[in-house]
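In the UniProt record's numbering, the protein residues as written are 1 to 784.
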C-alpha cells in the first residue's frame, strides 16, 4: 500500500491552466493534507463576505485526484482517477461514524473545508483507489460510496471527474480538522460489483437535485421557436433526427425508449431525450454534454463537433460567445437542408405581402405578351413579389436587353442604359454592373411595384444575367475569319527579331494555342511560361499586351491568396516582368503558381468555397540572359531570345488589330485541329539545351567535373589509376570542395545533388546506398 504511487494533479489556484501531474504514495499525499494554509480574515469576517469574496479568499492550491492531460482542467482532459474525492456540504454528528462503517479497513482522509464551522460541519473525503478508474467507472464508484455513506451529505456536483479539491485552509482563528484512517486501498472492483450492471447509468444512485433536469426541460424555451440559425436548425431536424444524422458516431440508440448511449464512455443509456420539448439531457459523466444542463440539438451537435475550439475559453463564457458557437453557425448555414428550409421560410414570409400598383410604371413595349405571364394579386392585380415575376420584369420593358453575364470575368454587366442612369462607357460593347446599382435596383422595385424582398430580387437578377451569358473573348475569336496565310509561328521572329528555329516556332505556336484552349477547356493542363529574353526597349511587354487586347495584366504580385485568384478572373494573358530580379524563392513560387490548374476561394458575400478553373496563360519578360535560378522545374520556362536589330516588322505600324485578329484566328484553327500543347521530341531536346544556357552560372560545376575525372588516391594519397565510380554530396563537399565533414547544411547538399544531376555521364542511384567513408547517402554512379 505504502509503495503504490497515485496519479494526482496539482494547480496553484482554481483558474490555473497548467495543472502539474505528480506521483505520490498515500503517505506522501496525507503529509500534504497536514499542512494547513491560514488566511488573514477571521471566521466572523469570512461569514459576512459575499460568495464572490469568499471564493477569492479560499482560492488557492488545489488538486484533482487523477491525471489532467494538457494542463487544462476540463472533463475531456481527465482520462483516469486514482482518488475518490467527495465534497460534504451537509454533515451532521453521525457523518464520521457513517464513513467508518462504510470504509472500515480502507485508508481514507477527512479534512474540514474553509467554510467548516462546528455547528455546520463541511468536509472533504478522500480515499485511494486500488487501480486507476476510467471517468465512467469513477462516477459509478463515487456515487455508490456516496449512497452508502448518505447521498444527502453530498454536494450534487461532487461526482464530476474533473472536480477540484482545495488543499486544507482555514481562517486565522479557526480550528481545522483532519481525520485519518489506516487500511488498504479502496477495492473499486468490489464496489462496481455491487451493481447488476454498473455500465447502465440508470442504475447509478442519484442526488435528489438530479431530478431537476426533467422539470427544467419542461420550463425551457422550445428551441424551435428561437431566432436565427438555432431555431432554423431545430425546426429542420427533430432531436432524434439530428442525433441520427450528425452524431451517429457519438451516440447509439439505448436499450430503453428515449435513451441513447455515449460511444466514448463505458456506460449505457446516459442521454435522455425529451421529444415534446425537443431537448436532451446527459447523465453519462464522461459525455462532454453532461454538465447538468438540458441541450437543444444545435448545442448538442456544437459540443461534440466543435467543442475542441473552446479549449482556451475562460470559464463561465456564454455559449453564444464561444468559438464553437460560431463554427456551428457556419456548419448549419452550409447544410443543404438548412438552405432549403431557409429559402422556404423566405418564400413563405414574402408570399403574403399584398402589393399595389405603383405610379409611373413604364409604358409597355410593343411586344407585351410577357405581361400575361405575371402572377398578380387576386384583389389588386399588382404583380406578386415572386421570383418569376421579378425575372419577367427584369427581362422586359425598360430592362429588355440590359442585363448580361460576362462568363470570362464572372461578373454581371449591362449592355444598355439602366432606368436610373445612362451608360458610363457607351463606346464599349458592355460595362460592369456597379455595387451601387444593387441598392438602386431594389429601390426601383420597391417604388414601382412594391416588391421589397432583396433576396427575391437578387436571385431573380442572378437568373436573368446568367440566362444572357456570353464569353467576350470566345466571341472575339470566333468573329475572326482566317485568310489562310500563316503568321502565328513567326510572330516573335518578325516583330522582335527572334531566331527562326523550330524551337521558337513551336514555342510561339503552342503558347497561343494554349491561350485559346484555356478558354474552351478551362483548367486544361498547361504549366509552361514563354519568357522573352532581350534588351530593354525591345517591345517584349508591348507585343504581349497588344496580343492580349483588353484582357491583359502585368500587376499580379502575390500568389496563393484569394486576391490572386480573383485577379486571375480579370485577364486572359498575364505578364511576369523582370524575372531576373526575382529571388530563387520567388521564381519557385511562380513555377508552383503556373502549374496550378484551378483556384479555390470564397467569393465575397458567398457562403461556400468555389473552384475556378484557370482561363489564362502566363508570359515572362527579362533583360537578363541567366534568369533561371534552379535546375529543377526549368522545363516550365520556354526562353525565346529576341534581338530588335533583326526584326523585319514594326510592332506599332504593322501589328494592327486586323493582323492580331488573323493571328488569333490561326491559333483557333490550330486548336480545333487538335494541336498538342507539348513539344515534339526533337524540339523538347532543343528546349532543354536552351534552358540550360539560361541557368545562373555556378563555379562549382567545373570544379566538380574536373574532380570526377581525376584518379582516386589510396590511403597514402597515391594515385590508384582508377577514376571514381560512385560519389555522394558529402564526399564532394569534403574531398572536392575542401570543406569539413559535418558542416554541410541540407540546402547545400541539395545544390550539390542538383549539380550532379546536370553533369553528363552520371546517374542518380535509386534509394539511399552505402558510400565508403560516408555511410548511407544519396549517391551517383558513373554511367557504364
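For each residue, glycine too, the CB sits at the ideal point set by N, CA and C.
In terms of Cα proximity to residue 527, the closest of 46, 723, 748, 510 is 510. Under DSSP, residue 68 takes part in a beta bridge, and its partners are 78. Fully contained in the stretch 436-486 are the following alpha helix (DSSP H) runs of length 4 or more, in chain order: 454-467, 472-479. Three or more Cβ pairs closer than 8 Å define a contact, and the stretch 542-550 meets that threshold against the stretch 653-668. Residue 116 and residue 37 have their C-alpha atoms roughly 14 Å apart. Distance from the CA of residue 136 to the CA of residue 279, rounded to the nearest whole angstrom, comes to 23 Å. By DSSP's assignment, residue 169 forms a beta bridge with 37. Note on geometry: alpha-carbon atoms of residue 234 and residue 301 lie some 11 Å from one another.
The beta carbon of residue 608 sits closer than 8 Å to the beta carbons of 334, 602 from its chain, once the five residues preceding and following it are set aside; these are given in chain order. Counting the other Cβ atoms within 10 Å of the Cβ of residue 783 gives fewer than 16, which makes it exposed. By DSSP's assignment, residue 126 forms a beta bridge with 85, 109. For residue 273 against residue 258, the beta-carbon gap comes to about 4 Å, under 8 Å, which counts as contact. The Cβ atoms of residue 132 and residue 80 sit closer than 8 Å to each other.
Here residue 621 is near residue 531, since their CB atoms are less than 8 Å apart.
Counting only residues of its own chain and dropping the five nearest sequence neighbours on each side, residue 205 has a CB closer than 7 Å to the CB of 143, 144, 146, 147, 151. For residue 98, the enclosing alpha helix (DSSP H) begins and ends at 95-103. Take residue 489, set aside five residues on each side of it, and the residues of its chain with a beta-carbon closer than 7 Å to its own are 505, 508, 509, in chain order. Per DSSP, residue 601 is one residue of the beta strand (DSSP E) stretching across 598-602.
Beyond the five residues adjoining it in sequence on each side, residue 556 comes within less than 7 Å, by CB distance, of 564, 567, 574 in the same chain, given in chain order. Here residue 330 is exposed. Its C-beta has fewer than 16 other C-beta atoms within 10 Å. Annotation for residue 721: 711 place their beta carbon closer than 8 Å to its own, counting only its chain and skipping 5 residues before and after. One alpha carbon belongs to residue 623, the other to residue 691, and they sit about 15 Å apart.
The residue from 452, 256, 5, 71 with its alpha-carbon nearest to that of residue 12 is 71.
For the pair of segments examined, the stretch 669-684 was found to touch the stretch 515-526: the number of CB pairs separated by less than 8 Å reaches three.
Bridge pairing for residue 728: 779 [DSSP].
Residue range 411-414 is occupied by the beta strand (DSSP E) that includes residue 414. When DSSP states are grouped into helix, strand and coil, residue 613 belongs to the strand group. Taking all protein chains in view, the Cβ of residue 420 is surrounded by fewer than 16 other Cβ atoms within 10 Å, so the residue is classified as exposed. Judged by DSSP in its simplified three-state form, residue 569 adopts coil rather than helix or strand.
In this structure, the straight-line span from the alpha carbon of residue 155 to that of residue 247 is close to 32 Å.
Leaving aside the five residues that flank residue 242 on each side, the residues in its chain whose CB is nearer than 6 Å to its CB run, in chain order, 297. Classified as buried, residue 77 has 16 or more neighbouring CB atoms from the shown chains inside 10 Å of its CB. Residue 194 is not bridged by DSSP to any residue.
Taken atom to atom, the span from the alpha-carbon of residue 202 to that of residue 157 is near 17 Å. Around the C-beta of residue 312, fewer than 16 other C-beta atoms lie within 10 Å, and the residue is accordingly described as exposed. Annotation: residue 762 is outside any alpha helix (DSSP H); the continuous beta strand (DSSP E) that includes it extends over 762-771.
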